[in-house]
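Have a look at the structure below, then the notes.
Residue numbers (my numbering): 166 to 710.
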């Protein structure tokens, strides 16, 4: 690491630490308690306070006022501006309090503890990726976010998918209702939108007004976005209050056509959706599909898209709709509970905007609660957080929502060069904070040169182990200048000197650090099967602290 990079890291840490107390706790977005140096100004010259924002009096005698500023302004900037004002003695966030014993206002939904993407305590998970032990705090900080905002029924999220089980008791309260059709005549297109009897949405795969889910995928997505809170049932969504608009174009097999996808997007646009969740992909570039997304953009809609599950670099191999270059598209990669980029997830320094939890995600299917994996499961976390943000201020445009989530995403070593920003964080997004640098990120550690490579390409049915030791180190991580193996079959495993497994890497990872290992020794073991051969990997250094 260069001295310049180290100095920059130290400065960034100092800047963050200087406001750590103000940033640590939830507060009402955009609101600040201000103590005036001279309380008399409230009566003698109240207009002099206009620069503070919208001002209301808390205690006139003692010069205490509440200043309301735009919610999109970062808390640190607002505090700096207010505290630099010559009229102000001090300013602080309007902190949120709650009764002692309320368990930090966590909902009573019984499966909350299994939703690692929302709150990760390092719990184990089980699902279609097998058993995975998580890493504490690798989550979207939902518990802290809910102290700030839990959502609004004004917000409409269109789930463009296989439909939604709108009769599911944990989803029913948050399902969109078309009042014109509910109170209209059966068999008549009462609102003239081209879909008859679309009380809860529309089905373009069967060409009717019943978007009931015959597959389970769209229901799974919807549970993550907006399953009801505090009803003693199953799971809870990112947004406790929201209106989910089911738009079905994928049939019971999970497939659908380009024509129906366009109809679905245009329908959701017509129905006033604010956010579209698109956990689907396939096919090549389509000008017609591109233009439908542009129409959604022009209507102010955020288009959240799953990045895809091919383990590919979107910058080299685009996939659609995630790769359409339209300003409202937000492509979402997936991480595992350990913080690693999921082996199946597409990625891209430019092509993927953000990452979110996407492995062993528990939600509803037609068979009840099941844990599924995919960027399909990551995208609804983003849609849910976007719904929380919009609930703060319904006037926000899609670009404001997108920028707030990207600017507040947590930087992680596992996501460097894999996404534009980092890991989605609901709390930092809601409070407009820049996430702190991760001092456990090997990027900020000391480095030593180490040159090790596999054969290019490597051999079939091959096993080799390398051991790297940095005497005196407390943590070590291997740096790969290039990593490309057959995804899921040719795997590198990382252990410490005692054989404890810290993680694995497989697939096309490009430039990346391996998992952080406690102690001074990392052992990597590369095992291949007897089929496809890839490049292998090049190790160019070891980071340590």
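Even glycine gets a Cβ: it sits at the ideal position worked out from N, Cα and C. In this text the structure is predicted, and so the values were computed from the model without any measurement.
In chain order, what are the residue ranges of uninterrupted beta strand (DSSP E) at least 3 long that sit wholly in the stretch 292–318?
295–298
What residue does the alpha helix (DSSP H) around residue 344 start on, and which one ends it?
344–347
Count the other C-beta atoms from every protein chain shown that fall within 10 angstroms of the C-beta of residue 596, then say buried if there are 16 or more, exposed otherwise.
buried
So, with DSSP's three-state summary, where would you put residue 529?
strand
First and last residue of the uninterrupted beta strand (DSSP E) at residue 564
Careful: residue 564 lies outside any beta strand (DSSP E), inside the alpha helix (DSSP H) at 563–572.
Quick check: the Cα distance between residue 291 and residue 661, rounded to an integer number of angstroms?
24 Å
Alpha helix (DSSP H) segment containing residue 538, residue limits
Taken as a continuous stretch (DSSP letters only), residue 538 belongs to no alpha helix (DSSP H), as it is neither H nor E.
Nearest to residue 515 (by Cα), restricted to the options 537, 478, 527, 698:
Answer by Cα proximity: 478.
Can you check whether the C-beta of residue 233 is within less than 8 Å of a C-beta belonging to chain D?
In summary, chain D is missing from the structure at hand, where a single protein chain is found.
Any contact between the stretch 518–528 and the stretch 493–507? By contact I mean 3 or more CB pairs, one from each, below 8 Å.
yes
What three-state label does DSSP hand residue 284 in the structure shown?
coil
For the stretch 600–667, which segments carrying the alpha helix (DSSP H) assignment without a break, of at least 4 residues, lie completely within its bounds, in sequence order?
none
From what residue to what residue does the alpha helix (DSSP H) around residue 375 run?
Run containing residue 375: none; DSSP gives neither H nor E here.
What does the Cβ neighbour count give for residue 347, buried or exposed, with the cut at 16 atoms within 10 Å?
exposed
Buried or exposed: residue 632, going by 16 or more other Cβ atoms within 10 Å of its Cβ?
exposed
Roughly how many whole angstroms lie between the Cα atoms of residue 262 and residue 463?
40 Å
Mark residue 394 as exposed unless 16 or more other C-beta atoms lie within 10 angstroms of its C-beta, in which case mark it buried.
buried
Where residue 598 falls, given that 16 or more other Cβ within 10 Å makes a residue buried
buried
Pick out whichever of 655, 364, 195, 207 has its Cα sitting closest to the Cα of residue 624.
In this structure, 655 is the residue among 655, 364, 195, 207 with its C-alpha nearest to the C-alpha of residue 624.
Would DSSP call residue 215 helix, strand or coil?
helix
Since I believe residue 304 is in contact with residue 282 (beta carbons under 8 Å), could you give me their beta-carbon distance rounded to a whole number of angstroms?
6 Å
List the endpoints of the continuous alpha helix (DSSP H) containing residue 242.
Per DSSP, the continuous alpha helix (DSSP H) segment holding residue 242 begins and ends at 240–248.
Any contact between the stretch 221–238 and the stretch 270–280? By contact I mean 3 or more CB pairs, one from each, below 8 Å.
no
Would you call residue 483 buried or exposed, if buried means 16 or more other Cβ atoms sit within 10 Å of its Cβ?
buried
Buried or exposed: which applies to residue 190, given that a residue is buried once 16 or more other Cβ atoms fall within 10 Å of its Cβ?
exposed
Pull up the distance between the alpha-carbon of residue 436 and that of residue 216, whole angstroms please.
39 Å
According to the neighbour-count rule (16 or more other Cβ atoms, all chains shown, within 10 Å of its Cβ), is residue 696 buried or exposed?
exposed
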